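Step one of this worksheet: look at the structure below.
Numbering (the numbering used here), first residue to last: 29 to 261.
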């Protein structure tokens with residue numbers, strides 16, 4: 029995530045034995061802005077839609093190759109990057125961060141139960157805490173009796189594998205290792221705080237076109253840098 033979590037959710041009905049795709053909707057509140065986060069997983073593809081007030085963005089990722097498409101719907105443009113390019117960018121950022129950068133070889137530590145409980149929207153939750161790279165600290169409310177969690181857990185494991193093998197392995201705990209669904213997450217890092225709340229969960233088929241480049245989008249081109257005038261003594 030994941031980070032990249034839940035108060036209002038949709039109860040799931042009986043599911044067929046065929047493969048079902050996953051859609052998670054969350055609300056992220058950092059005290060200044062409220063954003064809508066929608067994560068969709070189908071096979072080895074994942075899509076994240078982020079929207080707030082005046083702008084929106086989507087990222088489509090191949091969880092195996094790590095190739096990605098960033099979609100900017102306001103301008104109908106896209107930015108394509110390969111997994112190799114993203115790895116190089118992540119390594120450059122890590123080197124620039126120096127001693128403050130988390131060791132890329134260190135896996136995320138598991139979240140730890142506090143033994144405390146709280147009821148959220150009629151479900152009993154157990155409260156966990158977690159600490160990761162970049163001074164990240166999280167408190168997570170986990171519902172063990174969340175409907176159809178075993179099917180959801182299998183899809184969350186795909187995100188965990190993606191994070192575990194990439195540059196963001198210390199950015200969040202492995203969600204599929206938790207004994208239930210994360211209903212709410214409180215996050216703090218370097219004095220900044222935010223709350224992610226789960227809005228809904230759907231386990232149902234998604235249209236494959238959601239994970240493809242829209243035909244009416246064009247490649248993003250950065251604005252040309254202004255020409256510098258020669259200095260005349």
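Glycine included, every Cβ here is placed at the ideal spot set by N, Cα and C.
All of these numbers come straight from a predicted model, not from anything done at the bench.
Query	Result
Contacting residues, own chain, Cβ-Cβ under 6 Å from residue 204 (five flanking each side not counted)	181, 184, 185 and 188
Rounded distance between the beta-carbons of residue 146 and residue 153, thought under 8 Å	5 Å
Unbroken stretches of the beta strand (DSSP E), 3 residues or longer, contained in the stretch 91 to 169	96 to 100, 105 to 109, 140 to 148 and 151 to 159
Counterpart residues of residue 57 in DSSP-defined beta bridges	62 and 223
At least 3 beta-carbon pairs within less than 8 Å: the stretch 164 to 176 vs the stretch 211 to 222	yes
Element boundaries [beta strand (DSSP E), containing residue 218]	Premise fails: residue 218 is in no beta strand (DSSP E) and is neither H nor E.
Short Cβ contact (9 Å threshold) for residue 170 with residue 208	yes
Alpha-carbon to alpha-carbon, residue 200 and residue 141	15 Å
Residue 188, enclosing beta strand (DSSP E) - first and last residue	First-last for residue 188: 177 to 192, but that is the alpha helix (DSSP H), not the beta strand (DSSP E).
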